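Please read the structure below before turning to the comments.
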Amino acid sequence: MYEQDLSRAALFSDNYTLFTTENELLIILNDTYYYGYWRSAEILKPLNIRRGDTYRTMHQWLAVSIIKDALSQGYSVELYVTGYRVKDRKPVEIKGYAKSVYKSPDDRTRTIYMETHEGEKVSIGGIGASMEDVEARFMEIKII
């Protein structure tokens with residue numbers, strides 16, 4: 001599978017290729033990967049998070065794991081997010097610090113809580129977010 005900025009994806013097989021720009025299908029493809037592979041996989045080598053590392057991802061569920069590990073090790077996490085405001089779908093860019101993450105017991109909701117440099121508290125969800133303030137499409141995570 002090849003994904004470009006969560007707006008297009010191509011899925012390759014022996015007998016066919018599927019190309020889509022349909023948001024609902026992109027959500028299904030991402031959820032299939034997360035629930036079918038990532039979440040159930042055995043960790044062979046954990047991420048070695050260190051001060052000075054920078055991670056870039058379109059996947060909020062991956063950002064949640066990185067931020068959770070970094071915060072639990074006592075690091076600060078600077079976060080740059082581009083996406084859309086959930087309430088009106090207007091594009092947004094936010095910079096600040098990740099303060100915490102939340103995963104519901106059934107793992108259907110994953111939220112990053114951050115505070116902007118201006119002191120505004122913002123909740124960040126992934127593609128298809130409906131309860132958070134922002135639907136993230138790209139995140140840059142700096143461990144400091």
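Read left to right, the sequence shown gives residues 1 to 144 (UniProt numbering). C-beta: ideal position from N, C-alpha, C; glycine also. None of these values were measured; they are calculated from a predicted model.
Ends of the alpha helix (DSSP H) at residue i?
i          : result
leucine 44 : Taken as a continuous stretch (DSSP letters only), leucine 44 belongs to no alpha helix (DSSP H), as it is neither H nor E.
What residues in its chain sit with their C-beta under 6 angstroms from that of residue i, if we drop five residues either side in the sequence?
i           : result
arginine 56 : Glu140
Among the residues of its own chain, which have a CB less than 7 angstroms from the CB of residue i, if the five just before and after it don't count?
i            : result
glycine 52   : Ile143
glutamate 78 : Tyr97, Lys142 and Ile144
alanine 63   : Thr57, Ile112, Met139 and Ile141
When burial is assigned at 16 or more other CB atoms within 10 Å of the CB, is residue i buried or exposed?
i             : result
alanine 10    : exposed
aspartate 88  : exposed
glutamine 73  : exposed
histidine 117 : exposed
List the endpoints of the continuous beta strand (DSSP E) containing residue i.
i            : result
valine 64    : Taken as a continuous stretch (DSSP letters only), valine 64 belongs to no beta strand (DSSP E), being part of the alpha helix (DSSP H) at 60 to 72.
glutamate 78 : 77 to 85
serine 100   : 91 to 103
threonine 57 : 54 to 57
tyrosine 113 : 110 to 116
arginine 137 : 134 to 143
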